[in-house]
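*Asks:* Position 175 of the sequence shown, counting from 1, maps to 175 under full-length UniProt numbering, and the rest follow consecutively. Every residue, glycine too, gets a C-beta built ideally from N, C-alpha and C. Fair warning: this is a prediction, and the values are worked out from it, not measured in the lab. To start, I am sharing the structure in question, which I have written as structure tokens.
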Amino acid sequence: MKATSVTRKGIHDKSLVEELLPDNVAAGVKRKQSKKRRRLEERSEEGGLEPEAQLVAFQQRYEIADEERKSKKQPFVEGISSIGSALDSASSDEEEEEDMRSLGSRSVVGGEDYGLTEEEERCLQLFESENYLKKDESFSTEGPTLASLILQRMEEFEASKRGENQSLSHSSAVPPNVRELYCKVGDVLKHYHSGKLPKAVKMLPSVASWYQLLSYTRPSEWSTASVYVMTKLFIANLKSNEAQRFCSWILLPRVHEEIMKRKKLNFHFYQALKKALFKPEAFFKGIIFPLCESGECTAREATILGSILLKSSIPVLHSASCLLKLSSFLYSPAVVIFIRILLEKKYALPSKVIDSVYQFFLSKQSEKSQSMPVLWHHALLVFVRFYHETLTVEQRKQLRTLVTRQSHPGVTPEIKSILSASVSSLDNVNNRDVMNL
1 MKATSVTRKG
11 IHDKSLVEEL
21 LPDNVAAGVK
31 RKQSKKRRRL
41 EERSEEGGLE
51 PEAQLVAFQQ
61 RYEIADEERK
71 SKKQPFVEGI
81 SSIGSALDSA
91 SSDEEEEEDM
101 RSLGSRSVVG
111 GEDYGLTEEE
121 ERCLQLFESE
131 NYLKKDESFS
141 TEGPTLASLI
151 LQRMEEFEAS
161 KRGENQSLSH
171 SSAVPPNVRE
181 LYCKVGDVLK
191 HYHSGKLPKA
201 VKMLPSVASW
211 YQLLSYTRPS
221 EWSTASVYVM
231 TKLFIANLKS
241 NEAQRFCSWI
251 LLPRVHEEIM
261 KRKKLNFHFY
271 QALKKALFKP
281 EAFFKGIIFP
291 LCESGECTAR
301 EATILGSILL
311 KSSIPVLHSA
321 SCLLKLSSFL
331 YSPAVVIFIR
341 ILLEKKYALP
351 SKVIDSVYQF
361 FLSKQSEKSQ
371 SMPVLWHHAL
381 LVFVRFYHET
391 LTVEQRKQLR
401 TLVTRQSHPG
411 VTPEIKSILS
421 ASVSSLDNVN
431 NRDVMNL
């Protein structure tokens, strides 16, 4: 039985592009293709070459021009112009025929066919050789790179910045209009209670000579609220050494004067001291140490400032360094109060700090005639209670001798009991170690 084949005429009369695309798009594509083909046909008729051969010739001229540009270090624009001149010469029949004849005798360099002449091949081999830079004396690799230019600009910027900072720091002359501005700012801070600060105040921490401009505002006349907001602003934006200067120059005189006059501290001053403690190094070096060194710090003033230390969290290293410095001062009620408050935090102190505090208490051993106040005995009790385990046997015996000479009926018995228990427990441990041996 013969298979019958049904042929459906008229289904595939159109091309695939005409079937898939709309009529207007397909017509455009068809027109573009016909124009391109027509240009190639016209060009082939004029040059006497087929379109495929014409494309090969064009590709060869492009590669030759590119190689010449690279070997002669020509800019890209010159390479493009050489390509354009090659395209202009494509209309001559004689050059086309010579190029077609040269297809059979093209040079092969590096396993690839580039269509180069002998002179061009020699230049290319010289360019690819390792000694090319040595042979070509006109070519120099020395020149500014991108990295060197960036580094140069960075150095220039840093130098200009240092110059500006030095000029600001060394310039003592302030323009009259700036001085007048900050005198008016001082009037605002004198009557300030709440609200926003002037913009001239907010920019002060970023100025190198802020202390000079701040002096025009008369800090001794600031309101208590102004002292708090200014402390908050400067402590948050200054470095530790600059914050120390602010504390010792502005905050400390106002706090000391307030306690001397009223025997208590204003709420805003108290909050300002708590904000200043956010930079412990600046707080200790700018407030605590100057007060202790001056000898004018009373027990009341030390108690008020010590309450801030007691309620706040202080890093261990700053507490240890503060104890080490305080134990080097001469005895005063303020020094003993600060030492006791820092010891009550029960931090794990280095052995150097413990030895320094031990020597501070032991320095009163020779003073038999002078009876130490109860503040000193309380501080010694806190030291023995929390750090007796870190003391050696000899140090504990020396402290027992000390409290025998400097005794207090309410504190000394407890100190002796702690030292005796620690010494006896240490002796028992040593005896057990000897028996085990």
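According to DSSP, is residue 397 part of a helix, a strand, or is it coil?
*Replies:* As a working mapping, residue 397 is identified with position 397 in the sequence shown. In this structure, residue 397 counts as helix in the three-state DSSP scheme.
*Asks:* According to the neighbour-count rule (16 or more other Cβ atoms, all chains shown, within 10 Å of its Cβ), is residue 236 buried or exposed?
*Replies:* For this step, residue 236 is matched to residue 236 along the sequence shown. Label assigned to residue 236: exposed.
*Asks:* Among the residues of its own chain, which have a CB less than 8 Å from the CB of residue 192, if the five just before and after it don't count?
*Replies:* Within the sequence shown, the letter at position 192 stands for residue 192. 222, 223, 225, 226 and 229, listed in sequence order.
*Asks:* With residue 342 and residue 309 assumed to form a contact (beta carbons below 8 Å), what rounded beta-carbon distance in angstroms separates them?
*Replies:* Translated into the one-based positions of the sequence shown, residue 342 becomes position 342. Translated into the one-based positions of the sequence shown, residue 309 becomes position 309. Between residue 309 and residue 342 the Cβ distance is about 7 Å, and since that is below 8 Å, they are a contact.
*Asks:* Along the chain, where does the alpha helix (DSSP H) containing residue 276 start, and where does it finish?
*Replies:* By 1-based counting over the sequence shown, the position of residue 276 is 276. Run containing residue 276: 267-276, per the alpha helix (DSSP H) assignment.
*Asks:* For the candidate residues 371, 232 and 282, whose alpha-carbon lies nearest to that of residue 331?
*Replies:* As a first step, residue 331 is located in the sequence shown; it is residue number 331 there, counting from the start. Checking every option, the nearest Cα to that of residue 331 belongs to 371.
*Asks:* Between the alpha carbons of residue 281 and residue 212, how many angstroms are there, rounded?
*Replies:* What you label residue 281 is simply residue 281 of the sequence shown in a count that begins at 1. What you label residue 212 is simply residue 212 of the sequence shown in a count that begins at 1. Distance between the alpha carbons of residue 281 and residue 212: 23 Å.
*Asks:* Can you list, in chain order, the residues of its chain whose CB lies under 6 Å from that of residue 316, leaving out five sequence neighbours each side?
*Replies:* Here residue 316 is taken as the residue at index 316 of the sequence shown, counted from 1. Excluding residues within five positions, the ones whose Cβ falls inside 6 Å are 347.
*Asks:* Quick one: what's got a C-beta closer than 7 Å to residue 435's C-beta in the same chain, skipping five residues either side?
*Replies:* By one-based count along the sequence shown, residue 435 stands at place 435. Note that residue 435 scores 45 on pLDDT, short of 50, meaning its location in the model is unreliable; the coordinates nonetheless yield the value given after this. Counting only Cβ-Cβ distances below 7 Å, and skipping sequence neighbours, we find nothing.
*Asks:* Helix, strand or coil, according to DSSP, for residue 250 in the structure here?
*Replies:* Start at 1 with the first residue of the sequence shown, and residue 250 comes out as number 250. Helix, per DSSP.
*Asks:* Ends of the alpha helix (DSSP H) at residue 304?
*Replies:* As a working note, residue 304 is residue 304 in the sequence shown. Here the alpha helix (DSSP H) through residue 304 covers 299-311.
*Asks:* Look up residue 280 in the DSSP assignment and say whether it is helix, strand or coil.
*Replies:* As a working mapping, residue 280 is identified with position 280 in the sequence shown. In the structure shown, residue 280 sits in a helix (DSSP, three-state: H, G or I).
*Asks:* How big is the Cα-Cα spacing for residue 220 and residue 299?
*Replies:* The sequence position of residue 220 within the sequence shown is 220, counting from 1. The sequence position of residue 299 within the sequence shown is 299, counting from 1. Approximately 24 Å between the Cα atoms of the pair.
*Asks:* Which runs of the alpha helix (DSSP H), 4 residues or longer, sit entirely within the region 194-270?
*Replies:* The qualifying runs are 199-202, 210-215, 224-237, 240-246 and 252-262.
*Asks:* Can you check which of these residues, 413, 359 and 375, is closest to residue 398 by C-alpha distance?
*Replies:* For the purposes of this step, residue 398 is identified with residue 398 of the sequence shown, where counting begins at 1. Checked all of 413, 359 and 375; the closest Cα to residue 398 is 359.
*Asks:* On the three-state DSSP scale, how would you describe residue 104?
*Replies:* Within the sequence shown, numbered from 1, the residue matching residue 104 stands at position 104. Confidence at residue 104 is low in this model, with a pLDDT of 45, below 50, so the placement of that residue should be treated as unreliable; the coordinate-derived value is given next. The answer is coil: DSSP assigns residue 104 none of H, G, I, E or B.
*Asks:* Measure the Cβ-Cβ separation of residue 302 and residue 339 and say whether it is below 7 Å.
*Replies:* As a first step, residue 302 must be located in the sequence shown, where it is residue number 302. As a first step, residue 339 must be located in the sequence shown, where it is residue number 339. No, Cβ-Cβ distance for residue 302 and residue 339 is not below 7 Å.
*Asks:* Under 7 Å between the Cβ atoms of residue 334 and residue 292?
*Replies:* Position 334 of the sequence shown, counting from 1, holds the residue named residue 334. Position 292 of the sequence shown, counting from 1, holds the residue named residue 292. Yes. Within cutoff.
*Asks:* Measuring straight from C-alpha to C-alpha, what distance separates residue 439 and residue 296?
*Replies:* Since the first and last residues shown for the chain are 1 and 437, residue 439 lies out of range.
*Asks:* Please report the Cβ distance between residue 185 and residue 198, rounded to the nearest whole angstrom; I am assuming they are in contact, meaning their Cβ atoms lie under 8 Å.
*Replies:* If you number the sequence shown from 1, residue 185 lands on position 185. If you number the sequence shown from 1, residue 198 lands on position 198. Confirmed, Cβ separation roughly 6 Å.
*Asks:* Apart from the five residues just before and just after residue 178, which ones in its own chain have a Cβ nearer than 8 Å to its Cβ?
*Replies:* For this step, residue 178 is matched to residue 178 along the sequence shown. Cβ neighbours of residue 178 beyond the five flanking positions: 213.
*Asks:* Based on Cα-Cα distance, which residue from 276, 307 and 329 lies nearest to residue 294?
*Replies:* By 1-based counting over the sequence shown, the position of residue 294 is 294. Among 276, 307 and 329, the Cα nearest to that of residue 294 is on 329.
*Asks:* Got a sec? Which residues, its chain only, sit under 7 Å from residue 385 by beta carbon, not counting five neighbours each side?
*Replies:* Taking the first residue of the sequence shown as position 1, residue 385 is located at position 385. Result list for residue 385: 418, in chain order.
*Asks:* So, residue 258 versus residue 269, is the Cβ gap smaller than 7 Å?
*Replies:* The residue you call residue 258 lines up with position 258 of the sequence shown. The residue you call residue 269 lines up with position 269 of the sequence shown. In this structure, residue 269 lies closer than 7 Å to residue 258 by Cβ.
*Asks:* Which same chain residues, not among the five before or five after residue 285, have their C-beta less than 6 Å away from its C-beta?
*Replies:* For the purposes of this step, residue 285 is taken as the residue at position 285 of the sequence shown. Once the five neighbours on either side are set aside, the close Cβ partners of residue 285 are 244.
*Asks:* Under the rule that 16 or more other beta-carbon atoms within 10 Å means buried, what is residue 239, buried or exposed?
*Replies:* Locating residue 239 in the sequence shown gives position 239, where the first residue counts as 1. Residue 239 comes out exposed.
*Asks:* I'd like the list of long-range same chain contacts for residue 231, defined as Cβ closer than 7 Å, with 5 residues on each side in sequence excluded.
*Replies:* Residue 231 sits at position 231 when you count from the first residue of the sequence shown. Closer than 7 Å at the Cβ level, and outside the excluded window around residue 231, lie 251, 272, 275 and 276.
*Asks:* At what residues does the alpha helix (DSSP H) containing residue 387 begin and finish?
*Replies:* By 1-based counting over the sequence shown, the position of residue 387 is 387. Residue 387 -> alpha helix (DSSP H) spans 374-387.
*Asks:* Alpha helix (DSSP H) containing residue 191: first to last residue?
*Replies:* Position 191 of the sequence shown, counted from the first residue, corresponds to residue 191. That residue, residue 191, is in no alpha helix (DSSP H); it is neither H nor E in DSSP.
*Asks:* Is it right to say residue 267 is buried, meaning 16 or more other beta carbons lie within 10 angstroms of its own, or is it exposed?
*Replies:* For the purposes of this step, residue 267 is taken as the residue at position 267 of the sequence shown. Looking at its Cβ environment, which holds fewer than 16 other Cβ atoms inside 10 Å, residue 267 is exposed.
*Asks:* Using alpha carbons as the reference points, say which of 233, 183, 176 and 323 lies closest to residue 196.
*Replies:* To locate residue 196, count along the sequence shown from 1; it is residue 196. Measuring from the Cα of residue 196, the nearest candidate turns out to be 233.
*Asks:* Does DSSP put residue 360 in a helix, a strand or coil?
*Replies:* Locating residue 360 in the sequence shown gives position 360, counting from the first residue. The answer is helix: DSSP assigns residue 360 an H, G or I state.
*Asks:* Excluding sequence positions up to five away, which residues of its chain have a Cβ less than 6 Å from the Cβ of residue 377?
*Replies:* For the purposes of this step, residue 377 is taken as the residue at position 377 of the sequence shown. So the qualifying residues of the chain are 408 and 411.
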